[in-house]
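In what follows, a structure is listed as structure tokens, so that the remarks can point back to it.
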Amino acid sequence: MKSIRRYLARTLALVLAMTALVTVTAAYLITDHELEEILDAQLSLQGRIVAGLISPATTRDEYRRIAQRLALPDHEARTYVKGEIEPRSPRASNVPLYHEEERMLSIGFWNADGSPRLLGARWNESDPFPGPKAEGYRWVEYAGDRWRVFSLFDKASATWIGVGVRADFLEEIVQRVALNNLWPVLLLLPLLLWLMTRIIRRGLTPIALLSRQVQGRDGQDLTPINLDAPQELDGLQRSLNDFIERLGKTLERERRFTADAAHELRTPLAALKIHLENAQAGEADSLQKAAIGVKRLQRVVEQLLVLARLDRASSNQARLIDIYPIVAELTADLWPLAHARGQELSLTGLTQLAVGADPVEVGILLRNLLDNALRYTPEGGHVEVGLYQQQGTPQVIVRDTGPGIPEELLDTVVERFRRASDQRTTGSGLGLSIVVELAKQQQAELRLSNRQPCGLEARVVWPAS
Numbered sequence: 003m004k005s006i007r008r009y010l011a012r013t014l015a016l017v018l019a020m021t022a023l024v025t026v027t028a029a030y031l032i033t034d035h036e037l038e039e040i041l042d043a044q045l046s047l048q049g050r051i052v053a054g055l056i057s058p059a060t061t062r063d064e065y066r067r068i069a070q071r072l073a074l075p076d077h078e079a080r081t082y083v084k085g086e087i088e089p090r091s092p093r094a095s096n097v098p099l100y101h102e103e104e105r106m107l108s109i110g111f112w113n114a115d116g117s118p119r120l121l122g123a124r125w126n127e128s129d130p131f132p133g134p135k136a137e138g139y140r141w142v143e144y145a146g147d148r149w150r151v152f153s154l155f156d157k158a159s160a161t162w163i164g165v166g167v168r169a170d171f172l173e174e175i176v177q178r179v180a181l182n183n184l185w186p187v188l189l190l191l192p193l194l195l196w197l198m199t200r201i202i203r204r205g206l207t208p209i210a211l212l213s214r215q216v217q218g219r220d221g222q223d224l225t226p227i228n229l230d231a232p233q234e235l236d237g238l239q240r241s242l243n244d245f246i247e248r249l250g251k252t253l254e255r256e257r258r259f260t261a262d263a264a265h266e267l268r269t270p271l272a273a274l275k276i277h278l279e280n281a282q283a284g285e286a287d288s289l290q291k292a293a294i295g296v297k298r299l300q301r302v303v304e305q306l307l308v309l310a311r312l313d314r315a316s317s318n319q320a321r322l323i324d325i326y327p328i329v330a331e332l333t334a335d336l337w338p339l340a341h342a343r344g345q346e347l348s349l350t351g352l353t354q355l356a357v358g359a360d361p362v363e364v365g366i367l368l369r370n371l372l373d374n375a376l377r378y379t380p381e382g383g384h385v386e387v388g389l390y391q392q393q394g395t396p397q398v399i400v401r402d403t404g405p406g407i408p409e410e411l412l413d414t415v416v417e418r419f420r421r422a423s424d425q426r427t428t429g430s431g432l433g434l435s436i437v438v439e440l441a442k443q444q445q446a447e448l449r450l451s452n453r454q455p456c457g458l459e460a461r462v463v464w465p466a467s
């Protein structure tokens, strides 16, 4: 659908035309039915009136006088004797015609055996009009015309009486009524189409205004759309404003991330440059300091790459897995590092724990937690990894004996490049950010709390499997 306006205009015009056609057709059919009933009633009434005017004493002269009254110009009414036409009446051209539609009506009298006694004009063109055989209504084809006839039998005078109207008369009236209904519709149709077009254009104006507000913005304009929109566009406007708000937060987070990353990389690069210059000047321990700076820089870059992949890639398909082997393998891999620092690393709790997650993402998440715990735990400290299930929810808890995190920073330390101000251990401030992103993708939750007298507890809680 290329244009809503054109679609509505074409569709409504077609509906309007179809409605007009159905209306006229219905009017034609209803008029045809109702008019037939009205004429049937008129024919019945006229037949009964005529039957009341004749009697067994009605003479042939009276029938001749009736025939003279029923004559039309160029068409005479005829009386019959034993089925034969009597001598002609006075010339029909001298008979006045009071209404043109009289040509459409006729009346006839027949004997009990069906032979004609008197036939009005139009019913004696060539052969006599066929006599009735039963009372009631019938359709008769005569002289190329179709007649609607009401017949009744007068027992007193042993006379069949028939009153008829040509079908042309009925069809002409119905056509006139239909045309009278059609002409106003045809005359009003252009006006209705014009009004319909104006109404459609006016109704679609809010959409055009909304489009212009969106099109007129530059890439830096993220202010909410303020438009007095109708109820039908209110949902779209709210959705656009919500999208603009989310986009603004995303861009702001990206700008902050870029600025923080540049700042975080500039510091180790500057230190590395100084150490290399000192090494060139002959200081023996500068190369060792430069190697430490390279390692730190390498870790920062690796974590930045992990965050970039997490921001741009959708989560892998989660499935029900046992994370104990993953935790046990990570603990075994990091034990030599802990041992070299004089730290104690232990695994406690359950030996089987099922969670709905991706194995690779779980490995990255837990490795960052353990790496943070070992990094900030002093020499001789203790890092404990525990697997538990409380009230049906699987949990992994990493406890350390490090300095912990100030209470006022517990809610913000998970932000990228955010570190406690009194930390003496080098780091990038990205480890917990990676954990939070991975936890969100697995519908899990990271909870941080300080231990007494010292240390930090990081708890990852998955939904019940």
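Going left to right, the sequence shown walks through residues 3 to 467 as our numbering numbers them.
We put the beta carbon where it would ideally sit given N, CA and C, even for glycine.
Any idea what DSSP makes of residue i, helix, strand or coil?
i: D156; result: strand
i: W337; result: helix
i: L355; result: coil
i: P74; result: For the record, residue 74 in the displayed sequence is Leu; it is not Pro. Looking at L74 - three-state DSSP - the assignment turns out to be strand.
i: T207; result: helix
i: Q393; result: coil
i: S108; result: strand
i: R148; result: strand
i: R257; result: helix
i: R377; result: helix
i: G250; result: helix
i: E331; result: helix
Quick one: Cα of residue i to Cα of residue j, how far?
i: V400; j: E256; result: 30 Å
i: Q300; j: L372; result: 19 Å
i: W196; j: L242; result: 34 Å
i: L412; j: Q397; result: 20 Å
i: G85; j: S128; result: 13 Å
i: L271; j: K4; result: 56 Å
i: T199; j: A19; result: 15 Å
i: T21; j: R203; result: 22 Å
i: N452; j: G383; result: 16 Å
i: K275; j: K291; result: 11 Å
i: L194; j: A15; result: 9 Å
i: L389; j: W464; result: 12 Å
i: E104; j: P89; result: 24 Å
i: L212; j: I246; result: 14 Å
i: V24; j: I201; result: 24 Å
i: V357; j: G237; result: 38 Å
i: D402; j: K297; result: 24 Å
i: V462; j: L448; result: 5 Å
i: A359; j: I323; result: 7 Å
i: Q217; j: D223; result: 11 Å
i: A466; j: Q445; result: 11 Å
Following the continuous beta strand (DSSP E) through residue i, name the residue where it begins and the one where it ends.
i: W141; result: 138-144
i: S117; result: Taken as a continuous stretch (DSSP letters only), S117 belongs to no beta strand (DSSP E), as it is neither H nor E.
i: A460; result: 458-463
i: R321; result: 321-324
i: T61; result: Where T61 is concerned, there is no enclosing beta strand (DSSP E), given that its DSSP letter is neither H nor E.
i: R449; result: 447-452
i: Y82; result: 80-83
i: G164; result: 161-168
With distances taken from CA atoms, which of the options is nearest residue i?
i: W125; options: V167, L188, P89, T161; result: V167
i: L332; options: P361, A136, A292; result: P361
i: T207; options: R7, A53, Q445; result: R7
i: K135; options: A29, I68, E36, S153; result: S153
i: I32; options: G164, Q391, A180; result: A180
i: G406; options: F131, L355, A460, S213; result: A460
i: W112; options: P130, E102, V357, E104; result: P130
i: R369; options: E381, T61, V387; result: V387
i: A145; options: P132, A334, E137, L249; result: P132
i: Q233; options: V26, V438, G205, A281; result: G205
i: T353; options: E363, L367, V329; result: V329
i: A79; options: G110, G351, I436, P58; result: G110
i: R50; options: G164, Y9, W141, E346; result: G164
i: L235; options: A210, L367, A359; result: A210
i: P380; options: L458, D335, L355; result: L458
i: P455; options: D220, E410, E439, G404; result: G404
i: A53; options: E64, T161, N280, T252; result: T161
i: T350; options: S288, Q391, Y378; result: Q391
i: E346; options: D115, T13, L107, V385; result: V385
Since residue i is in the alpha helix (DSSP H), which residue starts that stretch and which ends it?
i: T21; result: 6-55
Answer yes if the stretch 112-128 comes into contact with the stretch 62-77, meaning at least three C-beta pairs across the two stretches below 8 Å, and no otherwise. yes
When you compare the stretch 145-154 with the stretch 163-178, are there three or more beta-carbon pairs, one atom per stretch, that lie closer than 8 Å? yes
With three or more beta-carbon pairs closer than 8 Å as the criterion, would you say the stretch 153-164 touches the stretch 176-184? When Cβ pairs closer than 8 Å are counted between the two stretches, the stretch 153-164 is seen not to touch the stretch 176-184, the count staying below three.
Three-pair Cβ contact test at 8 Å for the stretch 217-237 versus the stretch 44-62: No, they do not touch.
How about the stretch 372-386 and the stretch 325-340: do they share at least three Cβ pairs that are nearer than 8 Å? Under the three-pair Cβ rule at 8 Å, the stretch 372-386 counts as touching the stretch 325-340.
Below 8 Å, can you find three or more Cβ-Cβ pairs linking the stretch 181-196 to the stretch 34-42? no
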